[in-house]
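Just below is one structure, and these are the notes that go with it.
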Amino acid sequence: MPEPQGLTAHVLDQVVALSRDHRQLLVDLALRVEPFSNELLALWTKVYQETAVRQPPPPDEVVRAIQEEAIRVLLGGLRDGDLPKYYGDIAAWASRTARSGLAYDQIVELVRAYQRSGLTLLLRAYPAGAELELVLGALDDLYAGTITLIAAVYIQALQDQLMDSARPRAFGQLAIGATHSLNNLLTAILGRTQLLLERTRDAESRGELQEVQRTATLGAQTVRHLQEYARGVRDQEFVEADVNNLLRDAAEITRFVWRDEAEAHGIVIDVVKDFGDIPPALARRNELREVFIALILNAIEAMPRGGLITLRTERKDDSVLVAVIDTGEGMTEETRRRVFDPFFSTKGTGHTGLGLSIASNLVGQHKGMLTVESQPGRGSAFTVSIPVAPGTLAPKAEAAPVSVRTVRILIVDDEPTVRDIVAKFLAFRGYQVAVADSGYDGIAAFKRARFDLVVTDLGMPGMSGWEVAREVKRLRPQTLVVLMTGWAADLDQEKVKESGVDHIVHKPFNVDDVLTLVNEAVALREKM
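Counting in our numbering, the sequence shown runs from 118 upward without gaps.
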């Protein structure tokens with residue numbers, strides 16, 4: 118399977134490859150459907166036969182050919198149980214589809230149609246119980262992996278169009294839509310990982326799960342930055358940051374690339390840490406860590422025959438300096454001048470040329486500078502310079518635990534994966550939880566029972582999260598409303614206030630963040 122490259126690939130590599138090759142905690146579920154895999158394949162085949170007759174004729178021959186190929190790709194690969202090959206076929210199909218001009222939302226809807234119909238048939242075929250949960254879980258994982266890969270391939274396949282100055286708006290819309298789907302997927306991954314952490318006592322397994330959780334969180338940050346890059350938005354809090362720890366994290370997170378993958382190809386890459394005694398910097402921790410990850414990955418790619426990466430930190434006047442130095446091929450003066458330009462890449466097809474550009478943009482947001490020194494054949498040295506923190510910032514106090522017995526929560530989201538994960542986690546913690554799959558159903562449920570907290574998605578068909586919030590506040594003003602969104606953090610604050618939204622949670626989120634808001638809901642109710 119040809120691996121997609123660039124920014125999106127690093128998200129996929131960190132979330133998927135770590136899980137598959139090192140952890141076997143998430144992807145393996147799709148392979149554990151025996152003896153149900155044959156039944157699942159038969160059901161999907163039946164879905165196509167039943168729905169194909171009722172569907173209107175496709176608008177043109179191109180769409181018809183894509184639909185026909187979808188049957189072979191989506192169903193045929195399941196027979197062998199070879200998940201990497203299955204995803205490889207999907208990636209190739211999605212690439213051809215993207216080049217054909219079919220819109221991203223159309224291909225997603227095509228895949229969703231099989232899932233929706235398949236769920237109905239599965240509910241008929243299996244009684245409630247362990248077997249049904251296993252098959253539903255397998256179908257869920259296959260769908261999530263498929264959508265993730267399609268989103269990544271679509272971003273990559275349109276690189277040539279991005280280079281055309283007449284198409285930046287199209288890229289922005291594509292990137293924002295694709296990353297919204299990725300955010301929903303990563304929310305599900307984080308939620309499931311947290312559920313497993315709650316239920317797992319084995320120390321080794323917990324360590325593996327925590328690594329998946331941390332990696333998915335970092336991937337989520339990368340996806341969010343792509344959204345913000347397309348929209349030109351930035352609205353996050355700066356805190357005191359231990360730069361040495363962030364650089365150490367980046368080295369650990371990329372270990373599977375510079376050690377495991379390199380060794381698999383007969384290459385030796387050594388990483389040396391030369392950390393100085395430096396003061397904290399004022400930073401957005403996740404962003405700065407992402408910059409370091411991008412620089413390390415760039416250094417790895419610059420050394421196709423192996424070499425040495427030195428990670429060095431020091432203080433200079435009122436700045437913290439971080440250098441990522443490689444012994445790779447180096448750059449010409451022309452390349453060095455353009456290395457931070459958006460979409461500039463010397464690595465050939467499959468690279469977006471966004472990684473270093475986004476890294477430079479993030480460093481600029483920190484009132485710092487990202488520079489590079491390089492000569493052909495003598496390696497490169499990328500240096501990040503950011504200001505020292507002016508003082509000690511007090512950490513946020515953790516919310517005190519509350520009694521959960523009388524707390525009632527309503528979750529409204531049309532995405533079943535996100536809705537069910539949040540509901541399961543809260544129920545596991547002992548809260549009384551009800552769910553609704555649309556704004557209209559949510560308001561109907563709200564009228565039937567009293568809830569202390571309503572958690573609603575923003576983008577839903579029919580009745581949006583804004584409308585849900587307004588109606589909840591009209592019916593019961595003291596109810597706390599939390600808005601979930603997978604879009605970039607550029608929501609109109611006037612609209613937030615006018616709709617009565619109390620808190621905003623950006624997908625993908627840590628479920629514990631929702632628990633903190635539950636505590637606030639209880640505290641607010643007690644003051645009423």
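We put the beta carbon where it would ideally sit given N, CA and C, even for glycine. Every value quoted in this text rests on a predicted model; they were computed, and no experiment measured them.
Just list the residues that DSSP pairs residue i with in beta bridges.
i, result
"Phe-499", "Val-441 and Val-489"
"Gln-549", "Arg-525"
"Lys-390", "Leu-428"
"Pro-504", "Ser-436"
"Ala-398", "Ala-358 and Val-505"
"Asp-574", "Met-601"
In three-state terms, what does DSSP make of residue i?
i, result
"Thr-596", "coil"
"Leu-279", "Low local confidence applies: a pLDDT of 41 at Leu-279 is under 50, so the model's placement there is unreliable, and no value is given."
"Val-622", "strand"
"Phe-288", "With a pLDDT of 44 at Phe-288, under the threshold of 50, the modelled position of that residue is not reliable, and no figure is offered here."
"Thr-310", "helix"
"Lys-484", "coil"
"Ala-220", "coil"
"Glu-315", "helix"
"Ser-474", "helix"
"Arg-422", "coil"
"Phe-542", "helix"
"Glu-446", "coil"
"Phe-373", "helix"
"Ser-212", "helix"
"Gly-582", "helix"
"Val-385", "coil"
"Thr-633", "helix"
"Gly-494", "coil"
"Val-530", "Strictly speaking, residue 530 in this sequence is Asp, with Val absent from that position. Asp-530 falls in the coil class under three-state DSSP."
"Asp-537", "helix"
"Asp-206", "helix"
Return the residue from the list the options that minimises the CA-CA distance to residue i.
i, options, result
"Asn-361", "Val-535, Leu-326, Arg-402 and Glu-380", "Arg-402"
"Glu-450", "Val-190, Glu-532 and Arg-495", "Arg-495"
"His-483", "Pro-533, Ala-562 and Ala-358", "Ala-358"
"Met-448", "Ala-419, Glu-431 and Lys-433", "Ala-419"
"Glu-446", "Ala-416, Val-437 and Glu-431", "Ala-416"
"Arg-229", "Asp-531, Glu-611 and Val-388", "Asp-531"
"Ala-586", "Asp-443, Ile-267 and Leu-527", "Leu-527"
"Thr-633", "Val-572, Gly-576 and Lys-612", "Val-572"
"Glu-588", "Asp-574, Pro-578, Ser-616 and Leu-570", "Ser-616"
"Val-631", "Gly-308, Thr-371, Ser-502 and Pro-504", "Gly-308"
"Lys-390", "Val-441, Ile-264, Val-437 and Leu-592", "Val-441"
"Val-356", "Glu-186, Ala-209, Thr-602 and Val-505", "Val-505"
"Ile-207", "Ile-183, Gly-218 and Ala-220", "Ile-183"
"Pro-594", "Phe-563, Val-385 and Thr-430", "Phe-563"
"Gly-423", "Asp-434, Trp-375 and Ala-411", "Trp-375"
"Leu-412", "Val-437, Phe-457 and Phe-392", "Phe-457"
"Gly-579", "Gly-556, Met-486, Pro-421 and Val-552", "Gly-556"
"Asp-443", "Pro-396, Met-486, Val-437 and Phe-499", "Phe-499"
"Gln-549", "Glu-584, Gln-327 and Asp-569", "Asp-569"
"Ala-561", "Leu-399, Val-529, Lys-202 and Val-635", "Val-529"
"Thr-452", "Ala-553, Pro-493, Thr-596 and Glu-315", "Pro-493"
"Met-486", "Tyr-204, Arg-216 and Val-501", "Val-501"
"Ala-566", "Val-524, Lys-614 and Leu-399", "Val-524"
"Val-385", "Thr-310, Thr-427 and Pro-421", "Pro-421"
"Thr-488", "Pro-507, Pro-533 and Val-439", "Val-439"
"Glu-574", "Thr-596, Gly-547 and Val-618", "The sequence given here has Asp at residue 574, not Glu. Comparing Cα-Cα distances from Asp-574 to each of Thr-596, Gly-547 and Val-618, the minimum goes to Val-618."
"Leu-414", "Ala-398, Pro-533 and Phe-373", "Phe-373"
Between which two residues does the beta strand (DSSP E) carrying residue i extend?
i, result
"Ala-367", "Unbroken run through Ala-367 is the alpha helix (DSSP H), 360-370; no beta strand (DSSP E)."
Residue i lies in the alpha helix (DSSP H); which residues open and close that run?
i, result
"Val-408", "402-418"
"Asp-319", "Where Asp-319 is concerned, there is no enclosing alpha helix (DSSP H), given that its DSSP letter is neither H nor E."
"Val-613", "610-616"
"Asp-558", "556-565"
"Glu-451", "450-455"
Does the pairing of the stretch 392-409 with the stretch 361-372 give three or more beta-carbon distances under 8 Å? yes
Report yes or no: do three or more beta-carbon pairs, one from the stretch 472-488 and one from the stretch 523-538, lie closer than 8 Å? no
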